[in-house]
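Per the working numbering, the very first residue in the sequence shown carries number -16; after that it's consecutive. Every residue, glycine too, gets a C-beta built ideally from N, C-alpha and C. Computed from a predicted model, the values in this text were never measured in an experiment. Structure first, then comments.
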Amino acid sequence: MAYADPENTLVIETSKGKVVIAMKPDVAPGHVDHIKKLAREGAYDGVVFHRVIEGFMAQTGDVKFGNSNLPEFNPSRAGTGGSKYPNIKAEFNAEPHKRGTASMARAQDPNSANSQFFICFADAPFLNRQYTVWGEVIEGMENVDQIKRGEPVTDPDKMVSVKVAADITE
């Protein structure tokens, strides 16, 4: 598949099907670089969607406790971990949280984003300028809609593989 900007396109194979995100390095360069680094290391492969709220969002990306491929996988702790890298400084921007938005999850500290992110099922304007928007689903939103709901999710769906489109040779 040819994408307009393969270096800034994330291709996620989920247990529900393919989801493609156009990343936005123009508004969140640090976040995009961090996500690409984790994707290129394979850190996101096997990571579950641990918090999925109907009408709101699907959260994933806990590479420490949420990776179903690793012995450290702990469903009860999924959502509490990050990556081996330091947290990322907030890059809050004017991009709206709307259906298909990909945004970074974080704790109370605005600069606590690390590896976890969420995809909005619906518009969520109350998140605007409080979380870093770094991308938008351009393909496969119908697959995001099928992700199993729950807080936490029992037998969760997962990201089977996450790759930067520029690295895919088919």
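With burial defined as no fewer than 16 other Cβ atoms inside 10 Å of the residue's Cβ, what is the status of Glu78: buried or exposed? buried
Contact the segment 10 to 28 vs the segment 119 to 139: 3+ CB pairs below 8 Å: no
Roughly how many angstroms separate the alpha carbons of Val143 and Phe109, rounded to a whole number? 31 Å
Looking only at DSSP bridge pairs, what is Lys146 linked to? Val(-6)
On a Cα-Cα basis, can you pick out the residue from Ser(-2), Glu(-10), Gly13 that is closest to Ile4? Glu(-10)
So, do the segment 97 to 106 and the segment 65 to 83 have three or more beta carbon pairs nearer to each other than 8 Å? yes
Taking Ala22 as part of the alpha helix (DSSP H), name the residues at either end of that continuous run. 12 to 24
Rounded to whole angstroms, what is the Cα-Cα separation between Arg89 and Asn52? 24 Å
Can we say the segment 43 to 51 touches the segment 25 to 33, given the rule of at least three CB pairs closer than 8 Å? yes
Use the C-beta contact count for Lys(-1): other C-beta atoms within 10 angstroms, 16 or more gives buried, fewer gives exposed. buried
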